[in-house]
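S.K.: This is the structure I want to talk about, given as structure tokens.
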Amino acid sequence: MPKILVVDDEAHIRELVSLYLKDEGFDIVEKSNGADALEYAENHAFDLAILDIMMPQMDGWVLCTKLREFGDMPILMITAKGEAKDRIHGFKLGTDDYLVKPFDPVELVLRVKALLKRYRISTSNIIKLGNVSLDRSSYQVIYENGKTMTLPMKEFELLFKLGSYTGQLFTRDNLIEQIWGIDYEGDERTVDVHIKRLRERFAEFESDFRIVTIRGLGYRLEVYRD
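For the sequence shown, the UniProt record's numbering begins at 1 and goes up steadily by one.
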């Protein structure tokens with residue numbers, strides 16, 4: 001599931017947001033100020049950011065601008081400021097959506113899901129790769145004829161990650177961090193070994209999907225049949 005960065009100096013707001021999003025299966029990282037959030041963003045990948053405006057050390061406006069330097073990701077602003085000029089300013093800086101405190105947590109969840117859908121980031125536990133489906137709740141591969149196969153956990157997580165972002169390039173470092181963790185001390189060739197195993201396991205399904213090597217950069221998964 002997508003990882004969401006929640007940045008707010010009010011602990012009870014972070015807890016409320018995290019509670020509702022965790023119930024939906026999202027991975028949540030909490031930060032209490034913009035400076036800590038930026039430091040995290042410089043060293044970790046995540047899929048969506050939820051930002052407060054009025055924060056110590058670095059406000060939400062500055063943080064939003066700096067996060068945009070890392071790429072095109074959904075950004076949702078939550079703030080006590082409801083004036084039109086503030087919303088306009090936020091959109092000019094690259095904010096995708098806006099919620100004013102106090103807000104309905106259910107509405108927050110729906111807006112987060114809508115943003116992820118707009119950015120084509122998978123929020124489902126099941127993804128379909130041609131005639132092959134991956135069920136993250138059971139770590140099973142399900143074939144069109146109903147047969148199933150259970151993959152080793154790291155192989156499954158690697159395939160699920162690539163399959164959740166079809167067509168997107170992942171470097172080996174990206175995959176090591178997101179699948180094995182930032183503290184992993186092994187060699188990046190681990191990724192190559194797992195990719196090789198996955199290609200061998202699904203060789204007969206190359207007309208459905210294929211993991212493509214981008215020489216010198218990394219890997220991406222391409223789907224050829226819906």
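Note that the Cβ used here is the ideal one computed from N, Cα and C, for glycine as well.
When you compare the CB positions of Y20 and K31, do they come within less than 8 Å of one another, or not?
M.R.: Going by C-beta atoms, Y20 is not nearer than 8 Å to K31.
S.K.: Which one of I53, D135 and V109 has the shortest CA to CA distance from T95?
M.R.: T95 has its Cα closest to that of I53, out of I53, D135 and V109.
S.K.: Taking the beta carbon of S138 as the centre, do at least 16 other beta carbons fall within 10 Å, making it buried, or is it exposed?
M.R.: Label assigned to S138: exposed.
S.K.: Are there any heavy atoms of the ligand GTP lying less than 7 Å away from the beta-carbon of D192, as far as the coordinates show?
M.R.: Absence of the ligand GTP from the depicted structure is noted, as is the absence of any ligand whatsoever, leaving it without description.
S.K.: Just how far apart, CA to CA, sit Q178 and H89?
M.R.: One C-alpha to the other measures close to 33 Å.
S.K.: Just the C-alpha distance for D8 and R14, rounded to the nearest angstrom, thanks.
M.R.: Those two C-alpha atoms are separated by around 6 Å.
S.K.: Just confirm the distance between the C-beta atoms of L169 and L115, as a whole number of angstroms; I'd bet it's less than 8 Å.
M.R.: Not quite, the Cβ-Cβ distance comes to about 22 Å (not below 8 Å), so this is no contact.
S.K.: For P56, which residues of its own chain have a beta-carbon under 7 Å away from its beta-carbon, when the five flanking residues on both sides are left out?
M.R.: Same-chain partners within the cutoff: D9 and N33.
S.K.: Could you check if T65 is buried or exposed, using at least 16 other CB atoms within 10 Å of its CB as the buried criterion?
M.R.: Exposed: under 16 other Cβ atoms inside 10 Å.
S.K.: Are at least three pairs of beta-carbons, each pair with one atom in the segment 127-143 and one in the segment 157-171, less than 8 Å apart?
M.R.: Flag = yes, the segment 127-143 and the segment 157-171 touch.
S.K.: Which word fits Y224, buried or exposed, when buried means at least 16 other C-beta atoms lie within 10 angstroms of its C-beta?
M.R.: Exposed.
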